[in-house]
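Numbering (our numbering), first residue to last: 1419 to 1647. All C-beta atoms, glycine included, are put in the ideal place defined by N, C-alpha and C. A short worksheet on the structure shown next.
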């Protein structure tokens, strides 16, 4: 696959932020499909009894129909999280499993729209933990955040990194210690949506384009990424 200029900065920055929060970080550079899927299976087979949360960040090429690319072949995006859901990974049952995917999901370009005024409402939510044993859905406590909406292009600066990963790093670095995760990820979406726009004045087809991250959350409780004491 073609070299993704800017990915080295993304990799370094997100690794640094996650380490500061308290995560053990492991990096795979340009694995082929067999190596990637094998590493995920091996990780799922480990004992995570003393871990509180799993985060997987994937930065790669992608295209329509939920396909991502390893260095040699494509694979379906759900192969990233299938090893960790339900009984496939017992030691992560009931624990948050977060997947962040920086990749194109198609070739559509977001033209953007003009909004004269902006009004944002906030809603407070609370959860009440139970004390009894109960059955939870296999897909519970999974969150997947994509750098862009289905079918659309995902932008990356060759020297500064991708819009999405850099926004994720900025918001996690500033607020992981004090804000709930979904609040942080909403801020990530806002930063990408409002702070970034493609700048290719000599090519009108791709100039002044926007990007909108997309998130699917099946979390069942509030999540604060505070370092362990």
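Item to check | Buried or exposed by the 16-neighbour rule on C-beta atoms within 10 Å, applied to residue 1507 | outcome: Residue numbering aside, residue 1507 sits at position 89 when the chain shown is read from its first letter. Classification for residue 1507: buried.
Item to check | Spatial distance of residue 1455 from residue 1533 (CA atoms) | outcome: Within the chain shown, the letter at position 37 stands for residue 1455. Within the chain shown, the letter at position 115 stands for residue 1533. So the two alpha carbons sit approximately 43 Å from each other.
Checklist entry - Distance, Cα to Cα, residue 1592 vs residue 1435? => result Walking along the chain shown from the start, residue 1592 turns up at place 174. Walking along the chain shown from the start, residue 1435 turns up at place 17. Near 10 Å, if we compare the C-alpha coordinates of residue 1435 and residue 1592.
Item to check | Own chain partners of residue 1450 with C-beta closer than 6 Å, once the 5 adjacent residues on each side are dropped | outcome: To locate residue 1450, count along the chain shown from 1; it is residue 32. Only 1488, 1489 and 1490 meet the Cβ criterion.
Checklist entry - Anyone know if the C-beta pair for residue 1520 and residue 1447 falls short of 8 Å? => result Translated into positions along the chain shown, residue 1520 becomes position 102. Translated into positions along the chain shown, residue 1447 becomes position 29. Not a contact, by the Cβ cut-off of 8 Å.
Item to check | residue 1567 (DSSP reduced to helix, strand or coil) | outcome: For the purposes of this step, residue 1567 is identified with residue 149 of the chain shown, where counting begins at 1. Three-state result, residue 1567: coil.
Item to check | Chain-order list of residues whose beta-carbon lies under 7 Å from that of residue 1641 (same chain, five-residue window excluded) | outcome: Taking the chain shown and counting its residues from 1, the one referred to as residue 1641 is at position 223. If we look at residue 1641 and ignore the five residues flanking it on each side, its Cβ neighbours are 1514, 1598 and 1599.
Checklist entry - Using the C-alpha atoms, what's the distance from residue 1645 back to residue 1438? => result Looking up residue 1438 in the chain shown gives position 20. Looking up residue 1645 in the chain shown gives position 227. Computed Cα separation, rounded: 8 Å.
Item to check | Identity of the residue in 1510, 1566 and 1589 nearest residue 1559 by Cα | outcome: For the purposes of this step, residue 1559 is identified with residue 141 of the chain shown, where counting begins at 1. Residue 1559 has its Cα closest to that of 1510, out of 1510, 1566 and 1589.
Checklist entry - Around the Cβ of residue 1554, are there at least 16 other Cβ atoms within 10 angstroms (buried) or fewer (exposed)? => result The count along the chain shown starts at 1 and reaches residue 1554 at position 136. By the Cβ neighbour-count rule, residue 1554 is exposed, with fewer than 16 other Cβ atoms within 10 Å of its own.
Checklist entry - What did DSSP end up calling residue 1525 once you bin it into helix, strand or coil? => result What you label residue 1525 is simply residue 107 of the chain shown in a count that begins at 1. Coil at residue 1525, not helix or strand.
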